[in-house]
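Heads up: the structure comes next, in structure tokens.
Numbering (the UniProt record's numbering), first residue to last: 1 to 523.
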């Protein structure tokens, strides 16, 4: 039963179906890969932006704290000589408060934690004892200090920057300090809140004990933030960036950086969804813009399917009539304009040639020694028969490796094989381009030198002997060879005689002590 042509699954339809399917899958894959690449790029850029921003704010905060320390250090130098003069203490405290906007309040405290002076004066009366965590820490440490967050006597959550005051004799007098309010407007709040991002980004600062020092939600200032992967990574003092899920379950892209002198960590973060919001619209726009080109591509695929299938269809038709005399001519007439069709056409025309090539390869393998790549004895005799048929004179060098059995016994057969391969390479280096190199079996080799005199053959043999003697062979051993040289003139038909003479000369070389060249005449 034959299907109607419209339903027949011929080569053109197969190519068309495959090409369209491939094109659609490729388009979908490209679209998806583009989406992934754009998404990963946006995430990397946002992480890096947040890291850089956090590092910049960390540097600015470090600068603010250093300036605060310098201001306090200057006041200490002024106050140390007049620490028992309340009026001068009050004047310097007021100057320190009004000269800089770093501190919300400034004060001088005696070693017993009694308040000597304060600005603004409305906060407290001098003379009272300050019983805050910050005061106790400053008196106990007696060195420049940025305190942990604590609740001041006025009920505010603050951090205190303090500097000890010592008398000229080294006696500890007390300290000068300044408070920075954490839940009210302060220099730190201005520094951290004055950024230009309006895209859902947020910022917070924690100290070494994970207390929140700054947060856009002021109600969270003073809270502890445990189990945050960003804080865990940043506590070690390194800057970096992470994609994490925050305490509210929001996927965020966070960059962090430490404030080195205090151990604070500044974290700038942005919701991942906000970062990727524009990506979805961008991909839809790409899809809309690619539709016209995609339709044109499908049309081109249909036309190319017809063009591709035509030469294959003609070659298939010719293949059904390979026994006809006109088959070769028909195949030649097929316009194989692309590689596969041309290859198929060439393969159909070259079948017999390929078969002959295989036969030739088998013949080559049958006359070649697999270990050294030189001709074997069968190949050597075939070459000699050709020369004999052409009445061509030649010289022959018979070669034998001296003490080869000792090499095999002491180093093993692998080393022996390596020696034979290296000897074959040395023979190729010394031999002339038209010389024929053969392995006669075991450690015996032959060199056939066409149209070469006995003297020239002896010179070649001597060069080879010297080359082998000068070349270390496996395991650093020096190996020598013995060589016998004979000549077969053009008028002679005794190939076997010439080979026998070379063997006899080789035997004489062995008998005379090895590592030498002996000619048939001299033997």
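Glycine included, each C-beta is placed from N, C-alpha and C at the ideal position.
List the endpoints of the continuous alpha helix (DSSP H) containing residue i.
| i | result |
| --- | --- |
| residue 368 | Element bounds for residue 368: n/a, residue is neither H nor E. |
| residue 337 | Segment: none, residue 337 is in no alpha helix (DSSP H) and carries neither H nor E. |
| residue 498 | 495-511 |
| residue 98 | 86-99 |
| residue 413 | 413-430 |
List the whole-angstrom C-beta distance separating residue i from residue j, where the pair is believed to meet the contact cut-off of C-beta under 8 angstroms.
| i | j | result |
| --- | --- | --- |
| residue 460 | residue 397 | 7 angstroms |
| residue 331 | residue 307 | No, residue 331 and residue 307 are not in contact; Cβ-Cβ is about 19 angstroms, not under 8 angstroms. |
| residue 46 | residue 284 | With 8 angstroms as the limit, residue 46 and residue 284 do not qualify as a contact, their Cβ atoms being about 21 angstroms apart. |
| residue 457 | residue 482 | Between residue 482 and residue 457 the Cβ distance is about 15 angstroms, and since that is not below 8 angstroms, they are no contact. |
| residue 39 | residue 305 | Incorrect: roughly 35 angstroms between the Cβ atoms, too far for contact. |
Would residue i pass as a contact of residue j if the rule is Cβ separation under 9 angstroms?
| i | j | result |
| --- | --- | --- |
| residue 64 | residue 178 | no |
| residue 31 | residue 286 | yes |
| residue 240 | residue 247 | no |
| residue 154 | residue 124 | yes |
| residue 298 | residue 52 | no |
| residue 394 | residue 498 | yes |
| residue 211 | residue 148 | yes |
| residue 206 | residue 151 | no |
| residue 478 | residue 421 | no |
| residue 454 | residue 487 | yes |
| residue 555 | residue 160 | Because the chain in this structure spans residues 1 to 523, residue 555 falls outside the shown range and cannot be described. |
| residue 135 | residue 117 | no |
| residue 175 | residue 109 | yes |
| residue 222 | residue 183 | yes |
| residue 146 | residue 79 | no |
| residue 216 | residue 186 | no |
| residue 473 | residue 427 | no |
| residue 344 | residue 381 | no |
| residue 62 | residue 259 | yes |
| residue 144 | residue 58 | no |
Here's the rule: buried if 16 or more other CB atoms are within 10 angstroms of the residue's CB, otherwise exposed. What is residue i?
| i | result |
| --- | --- |
| residue 272 | buried |
| residue 103 | buried |
| residue 443 | buried |
| residue 224 | exposed |
| residue 214 | buried |
| residue 506 | buried |
| residue 353 | In this predicted model, residue 353 has a pLDDT of only 47, less than 50, meaning its place in the structure is not dependable; the value taken from the coordinates is given anyway. Exposed, by the Cβ-count rule. |
| residue 229 | exposed |
| residue 389 | exposed |
| residue 293 | exposed |
| residue 434 | exposed |
| residue 318 | buried |
| residue 519 | buried |
| residue 15 | buried |
| residue 291 | exposed |
| residue 356 | Residue confidence for residue 356 is low, a pLDDT of 44 falling below 50, so the modelled location carries little weight; the figure read from the coordinates is stated next. Its Cβ having fewer than 16 others within 10 Å, residue 356 is exposed. |
| residue 338 | exposed |
| residue 204 | buried |
| residue 440 | buried |
Kindly indicate the opening and closing residues of the beta strand (DSSP E) around residue i.
| i | result |
| --- | --- |
| residue 117 | 115-119 |
| residue 253 | 251-259 |
| residue 215 | 212-215 |
| residue 397 | 394-401 |
| residue 444 | 444-450 |
| residue 440 | 436-441 |
| residue 160 | 157-166 |
Examine the Cβ distances between the segment 507-514 and the segment 448-457 and report whether three or more of them are shorter than 8 angstroms.
No, the segment 507-514 is not in contact with the segment 448-457.
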